[in-house]
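Residue numbers (the numbering used here), protein chains in the order written: chain A, 6 to 128; chain B, 6 to 128.
Reviewing the structure listed below.
2 protein chains.
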Amino acid sequence: MNALGKQLLMELKDCNKEVLNDVDALRNALLAAANEAGATVLGESFHRFNPHGISGVVIIAESHLFIHTWPEYGYAAADIFTCGDTVKPEKAAEILISKLGARHHSIVEMQRGTLGVEQSESA
Amino acid sequence: MNALGKQLLMELKDCNKEVLNDVDALRNALLAAANEAGATVLGESFHRFNPHGISGVVIIAESHLFIHTWPEYGYAAADIFTCGDTVKPEKAAEILISKLGARHHSIVEMQRGTLGVEQSESA
Numbered sequence: 006m007n008a009l010g011k012q013l014l015m016e017l018k019d020c021n022k023e024v025l026n027d028v029d030a031l032r033n034a035l036l037a038a039a040n041e042a043g044a045t046v047l048g049e050s051f052h053r054f055n056p057h058g059i060s061g062v063v064i065i066a067e068s069h070l071f072i073h074t075w076p077e078y079g080y081a082a083a084d085i086f087t088c089g090d091t092v093k094p095e096k097a098a099e100i101l102i103s104k105l106g107a108r109h110h111s112i113v114e115m116q117r118g119t120l121g122v123e124q125s126e127s128a
Numbered sequence: 006m007n008a009l010g011k012q013l014l015m016e017l018k019d020c021n022k023e024v025l026n027d028v029d030a031l032r033n034a035l036l037a038a039a040n041e042a043g044a045t046v047l048g049e050s051f052h053r054f055n056p057h058g059i060s061g062v063v064i065i066a067e068s069h070l071f072i073h074t075w076p077e078y079g080y081a082a083a084d085i086f087t088c089g090d091t092v093k094p095e096k097a098a099e100i101l102i103s104k105l106g107a108r109h110h111s112i113v114e115m116q117r118g119t120l121g122v123e124q125s126e127s128a
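Quick look at the structure:
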């Protein structure tokens with residue numbers, strides 16, 4: 006039974022707080038992660054909140070990456086959602102951990118769209 | 006131990022295939038879900054793929070909603086990510102199930118940012 010999509014849910018803790026509150030740094034981190042993973046970037050959207058915190062999403066042809074940051078806690082939640090075999094989400098995860106300077110992290114991998122045989126008609 | 010964010014991972018099966026391949030219908034569904042949940046919409050981005058399938062994200066002040074559809078399987082993956090106590094993600098989930106005509110669904114709830122006491126400094 007194959008999954009249509011794969012999702013890495015990343016908990017990034019004890020990050021560089023300046024990076025977590027820097028839109029340009031986060032945009033660069035997500036785009037670098039997408040590119041290193043072999044994804045095709047289609048668009049992006051980032052929003053800064055007051056007094057701190059940033060939400061960002063990068064849409065890729067193979068699904069998306071998003072991040073939400075809480076600089077006051079040195080914490081970020083990031084998801085890497087991919088479909089197909091050409092993109093390497095684990096590579097994107099490595100880049101994010103590195104760019105955000107996360108001293109601790111955990112990753113939960115979810116399989117999305119594990120359809121039963123009766124639904125697996127050819128497209 | 007409180008979580009900073011709450012995420013509903015929705016598997017939507019046996020959906021209305023026409024809706025899954027209709028950008029306007031999906032945009033309306035996600036915006037209705039965000040509004041009914043009490044969220045503040047900040048932006049949105051939708052992409053259609055060939056020969057079928059749509060990716061869409063709605064950025065809200067309280068995080069985001071996204072959807073990826075596989076009309077050929079009648080399947081969609083949707084996530085509702087919220088922070089704070091004012092938004093009701095379960096309400097958004099109900100709207101999506103209804104608007105997509107999903108005859109079967111499952112929802113996994115994830116707590117994001119369950120920080121330990123040593124990290125829970127006041128902002």
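Just so it is clear, CB atoms sit at the ideal spot from N, CA and C, and this is done for glycine as well.
All values derive from a computational prediction rather than experimental measurement.
Using a C-beta cutoff of 8 Å, does residue i count as contacting chain A?
i, result
"B/R117", "yes"
"B/E23", "no"
Counting only beta-carbon separations shorter than 8 Å, does residue i have a partner in chain B?
i, result
"A/I72", "no"
"A/H52", "yes"
"A/G89", "no"
At a CB-CB cut-off below 9 Å, which residues of chain B make contact with residue i?
i, result
"A/E16", "R117, G118, T119"
"A/G106", "Here the premise fails: no neighbours, minimum Cβ distance about 15 Å."
"A/L47", "S50, H52, S60"
Considering only residues of the same chain and omitting the five flanking positions on each side of residue i, which have a CB-CB separation below 6 Å?
i, result
"B/N26", "H57, P76"
"B/K96", "E41, A42"
"A/S111", "E16"
"B/H52", "S60"
"A/T87", "K11, E67, S68, P94"
"A/G79", "D19, C20, K22"
"B/V113", "L14"
"B/F116", "Checking the displayed sequence, the identity of residue 116 of chain B turns out to be Gln instead of Phe. Correct list, in chain order: A8."
"A/S103", "none"
"B/R108", "D19"
"B/I100", "A37, A38, E41"
What residues match up with residue i in a beta bridge as DSSP calls it?
i, result
"A/T74", "A/A81"
"A/C88", "A/G10"
"B/E49", "B/V63"
"B/H3", "This structure leaves residue 3 of chain B out entirely; chain B is present only between 6 and 128."
"B/I112", "B/M15"
"A/R117", "A/G10"
Residues of chain B with CB under 7 Å from residue i, in chain order?
i, result
"A/G82", "Checking the sequence, you will find Ala at residue 82 of chain A rather than Gly. Residues of chain B passing the Cβ test: G10, R117, G118."
Name the chain A residues that come within less than 8 Å of residue i, Cβ to Cβ?
i, result
"B/G43", "None at all; the shortest Cβ gap to chain A is about 17 Å."
Can we count residue i as close to the ligand COA, meaning its CB is less than 7 Å from some heavy atom?
i, result
"B/Q12", "Although the ligand COA was asked about, the structure shown includes no ligands whatsoever."
I'd like the list of long-range same chain contacts for residue i, defined as Cβ closer than 7 Å, with 5 residues on each side in sequence excluded.
i, result
"A/E126", "Residue placement at A/E126 cannot be trusted, given a pLDDT of 42 that sits under 50; the coordinates are not used to answer."
"A/R32", "E49, F51, G61"
"B/V63", "L35, L36, A39, V46, E49, H69, L70"
"A/A30", "V24"
Beta-carbon within less than 8 Å of residue i's beta-carbon, same chain only, minus the 5 sequence neighbours each way: which residues are those?
i, result
"B/I65", "A39, A44, T45, V46, L47, T87, V92"
"B/G89", "E67"
- Query: When you check each C-beta in the region 56-69 of chain A against every C-beta of chain B, which residues fall closer than 7 Å?
  - Reply: S60, V62, I64, S68, H69
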